[in-house]
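Engineer: Numbering (numbering that gives the first Met the number 0), first residue to last: 0 to 362.
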Amino acid sequence: MALPDLAYLKRATFAQAARVLSLLARRKGRDLAPGGDAIPEDESVRFVASQRMGLPYSDVQDVAQDGNKARLIANILGSAGRTPALPPPYSELQLERRRARDNSFADFLNLFDHRALSFFYRVEEKYRWPLMVERTGTGDRDPIGAMMLALSGMDARGEAERLDLPHAQLIPLTVHLADTRRSRYSVETVLRVATGMDLEVLEAQPTWMAVPPQEQSRLGFGRLGSFNQLGVPDDLPPEESGQAAMIGSAVLDVQHHFLIVLGPMPYDRLRAFCAQPDLRRLVSQLAALAAGLEQRASLRLRIAARDVPPLRLGDEATPAMLGWTTWLGEFESDADILDDCVIPIDNAAIHQEKAVVVRRRGV
Numbered sequence: 000m001a002l003p004d005l006a007y008l009k010r011a012t013f014a015q016a017a018r019v020l021s022l023l024a025r026r027k028g029r030d031l032a033p034g035g036d037a038i039p040e041d042e043s044v045r046f047v048a049s050q051r052m053g054l055p056y057s058d059v060q061d062v063a064q065d066g067n068k069a070r071l072i073a074n075i076l077g078s079a080g081r082t083p084a085l086p087p088p089y090s091e092l093q094l095e096r097r098r099a100r101d102n103s104f105a106d107f108l109n110l111f112d113h114r115a116l117s118f119f120y121r122v123e124e125k126y127r128w129p130l131m132v133e134r135t136g137t138g139d140r141d142p143i144g145a146m147m148l149a150l151s152g153m154d155a156r157g158e159a160e161r162l163d164l165p166h167a168q169l170i171p172l173t174v175h176l177a178d179t180r181r182s183r184y185s186v187e188t189v190l191r192v193a194t195g196m197d198l199e200v201l202e203a204q205p206t207w208m209a210v211p212p213q214e215q216s217r218l219g220f221g222r223l224g225s226f227n228q229l230g231v232p233d234d235l236p237p238e239e240s241g242q243a244a245m246i247g248s249a250v251l252d253v254q255h256h257f258l259i260v261l262g263p264m265p266y267d268r269l270r271a272f273c274a275q276p277d278l279r280r281l282v283s284q285l286a287a288l289a290a291g292l293e294q295r296a297s298l299r300l301r302i303a304a305r306d307v308p309p310l311r312l313g314d315e316a317t318p319a320m321l322g323w324t325t326w327l328g329e330f331e332s333d334a335d336i337l338d339d340c341v342i343p344i345d346n347a348a349i350h351q352e353k354a355v356v357v358r359r360r361g362v
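And the structure:
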């Protein structure tokens, strides 16, 4: 492994320098981190304690090439040298042998120095969050990512496994998913970041909700009538409250509905979005996850009138999808933005089994 110019690592801390060298070795296929069960010759980095007696100016004395791997000379945790773990006579003995061009004693001490520095780096790796996350590349489970998912109400063994997107895309959205105050901005941010689409969320959209037959008003006394109360008497028992009369079988609700507006988009993207149920399923999952299952969302697809081709059935270039991508007649102006394509969202998509999805960002 030929090393690039790493002179800047002399100004870094020991943990930072060891991290950079470990990442470089991992890219070259040497994935055996220091301090593990492998023999030192097979590890990605070789740690050596400095033998100098002068006052060190940083944690790292030098970075050199040692065969096919990097060699990091550290100014800390040495058995001998400026800050020795052994009594001073051992440092003096090492200097004497080095003047005699005999490095056997220093090499013997470096066996222990390498192991001590390797354990020191593993301690740094254990208690530094960025290093924990980088360890996932070696197959280890990312504890920080698991904790972030838990804060957002998910676990890798639960709902997160049912979503049609990787866990790594959910972790940056924890601040929005963990907040119980679901705002329009929060829902919009989750959808934008996770899908990469240009969209807007419109809240408090009036929608007619069907009233169950057992909750509709019926005239009569006793069990024959229900929900037929006009006004609220002062002496009304608590168990009979909430029986106010209403006319009709539906009620206008503006509290639990919002719109996800996509576009304006070109015709080919509109057709691709309508033809791909997996992409709509992903948006449905994210909407239920970000806004809550008690909210009901709908998709509104916008397209410029000038981008709509003439309606021709059987056209192979621009096949028409009746009820989805077709309009009859001519438009008043090519500058018009058509927004009458509304698709309801099924919140049950978040509870269904995971689908095999071909993700297309920017659709």
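We put the CB at the ideal spot given by N, CA and C, even for glycine.
Can you give me the C-alpha to C-alpha distance between VAL362 and THR324, rounded to a whole angstrom?
Structural biologist: Bear in mind that a pLDDT of 37 at VAL362, under 50, signals an unreliable position, so the number given afterwards is only what the model happens to contain. Those two C-alpha atoms are separated by around 16 Å.
Engineer: So, LEU300 versus GLY262, is the Cβ gap smaller than 8 Å?
Structural biologist: Yes, the Cβ-Cβ distance between LEU300 and GLY262 is below 8 Å.
Engineer: On the CB-based measure, 16 or more other CB atoms within 10 Å of its CB, does ILE170 come out buried or exposed?
Structural biologist: The residue is buried, with at least 16 neighbouring Cβ atoms inside 10 Å.
Engineer: Considering only C-alpha positions, which residue in the set THR194, TYR120, ILE246 and THR188 is nearest to GLN215?
Structural biologist: Here the closest residue by C-alpha is ILE246.
Engineer: Under the DSSP definition of a beta bridge, which residues are partnered with MET208?
Structural biologist: Answer is VAL250.
Engineer: Quick test of the definition: if touching needs 3 or more C-beta pairs under 8 Å, does the stretch 45-53 touch the stretch 63-79?
Structural biologist: Result yes; three or more Cβ-Cβ pairs closer than 8 Å.
Engineer: Helix or strand or just coil, what does DSSP make of GLN228?
Structural biologist: Reduced to three states, the DSSP call for GLN228 is strand.
Engineer: Out of curiosity, what's the CA-to-CA distance linking ALA79 and ALA105?
Structural biologist: Computed Cα separation, rounded: 9 Å.
Engineer: Determine contact between the stretch 186-200 and the stretch 278-286, defined as no fewer than three beta-carbon pairs at a distance below 8 Å.
Structural biologist: With the cut-off at 8 Å, the stretch 186-200 and the stretch 278-286 touch.
Engineer: Measure from the alpha carbon of ALA209 to the alpha carbon of each residue in LEU229, VAL250 and LEU201, then state which is nearest.
Structural biologist: For ALA209, the nearest C-alpha among the options comes from VAL250.
Engineer: Let me confirm a value: MET153 is counted as buried when at least 16 other C-beta atoms fall within 10 Å, else exposed. Which label applies?
Structural biologist: Flag for MET153 reads buried.
Engineer: Who pairs with VAL62 in a beta bridge, going by DSSP?
Structural biologist: Beta-bridge pairing links VAL62 to LEU71.
Engineer: Grab me the residues of THR12's own chain with a C-beta within less than 6 Å of its C-beta, minus the 5 sequence neighbours each way, in chain order.
Structural biologist: These residues qualify, in order along the chain: ASP58.
Engineer: Nearest by alpha-carbon distance to SER117: which of LEU31, LEU201, LEU327 and MET147 is it?
Structural biologist: If we check each option's Cα against that of SER117, LEU31 comes out closest.
Engineer: Helix, strand or coil for ASP163, going by three-state DSSP, please let me know.
Structural biologist: Of the three classes helix, strand and coil, the one that applies to ASP163 here is coil, per DSSP.
Engineer: State the CB to CB distance for the pair GLY34 and ARG98, rounded to an integer number of angstroms; the pair is presumed to be in contact (CB under 8 Å).
Structural biologist: Wrong, their Cβ atoms sit about 33 Å apart, outside the cutoff.
Engineer: Between the C-alpha atoms of VAL307 and TYR266, what's the straight-line distance to the nearest angstrom?
Structural biologist: Using only the alpha carbons, I get a separation of about 6 Å.
Engineer: For VAL307, which three-state DSSP category applies?
Structural biologist: DSSP places VAL307 in coil when its eight states are reduced to three.
Engineer: Taking only the alpha-carbon atoms, compute the straight-line gap between PRO343 and GLN294 and give it to the nearest angstrom.
Structural biologist: Roughly 12 Å between the two C-alpha positions.
Engineer: Below 8 Å between beta carbons: does that hold for ALA284 and LEU201?
Structural biologist: The question names Ala, yet the displayed sequence has Gln at residue 284. Their beta carbons are not under 8 Å apart, which means GLN284 does not touch LEU201 by this criterion.
Engineer: Which term fits ASN67, buried or exposed, when burial requires 16 or more other beta carbons within 10 angstroms of its beta carbon?
Structural biologist: Flag for ASN67 reads exposed.
Engineer: Buried or exposed: ALA289, going by 16 or more other Cβ atoms within 10 Å of its Cβ?
Structural biologist: When all chains shown are included, ALA289 counts as buried.
Engineer: Around the C-beta of ALA24, are 16 or more other C-beta atoms found within 10 angstroms, so that it is buried, or is it exposed?
Structural biologist: ALA24 comes out buried.
Engineer: Report the CB separation of THR173 from MET131 in whole angstroms; it is logged as a contact under 8 Å.
Structural biologist: In fact, because the Cβ distance is near 16 Å, the residues do not count as touching under 8 Å.
Engineer: Given this structure, state the Cα-to-Cα distance separating LEU8 from SER151, to the nearest angstrom.
Structural biologist: Distance between the alpha carbons of LEU8 and SER151: 37 Å.
Engineer: HIS256 by DSSP, collapsed to three states: which one?
Structural biologist: If DSSP states are grouped into helix, strand and coil, HIS256 belongs with the strands.
Engineer: Closest to GLU123 by C-alpha separation, out of ALA16, VAL62 and TRP326, would be which residue?
Structural biologist: Among ALA16, VAL62 and TRP326, the Cα nearest to that of GLU123 is on ALA16.
Engineer: Which value, in whole angstroms, describes the spacing of the CA atoms of LEU54 and PRO87?
Structural biologist: Taking the straight line joining both Cα atoms gives about 15 Å.
Engineer: Check this for me: beta carbons of ALA296 and ALA286, under 8 Å apart or not?
Structural biologist: Against a cut-off of 8 Å, the Cβ pair of ALA286 and ALA296 comes out as a contact.
Engineer: Does the Cβ of GLN213 have 16 or more other Cβ atoms within 10 Å, making it buried, or fewer, making it exposed?
Structural biologist: Exposed, since its Cβ has fewer than 16 Cβ neighbours within 10 Å.
Engineer: Going along the chain, which residues of its own chain have a beta-carbon closer than 8 Å to the beta-carbon of ASN407, five neighbours each way excluded?
Structural biologist: Summary: the structure shown does not reach residue 407, with the chain confined to residues 0 through 362, and so no result is reported for it.
Engineer: So within the stretch 89-144, which uninterrupted alpha helix (DSSP H) runs reach at least 4 residues, ignoring any that extend past its ends?
Structural biologist: Complete alpha helix (DSSP H) runs here, min 4: 103-126 and 128-133.
Engineer: Candidates CYS273, LEU292, ASP335 and PRO165: which alpha carbon is nearest MET320's?
Structural biologist: Cα-wise, what sits closest to MET320 is CYS273.
Engineer: Using a 10 Å radius around the Cβ and a threshold of 16 neighbouring Cβ atoms, would you call LEU229 buried or exposed?
Structural biologist: That one is exposed.
Engineer: Ordered along the chain, which non-local residues of its own chain (more than five positions away) have a Cβ less than 6 Å from that of GLN168?
Structural biologist: ALA193.
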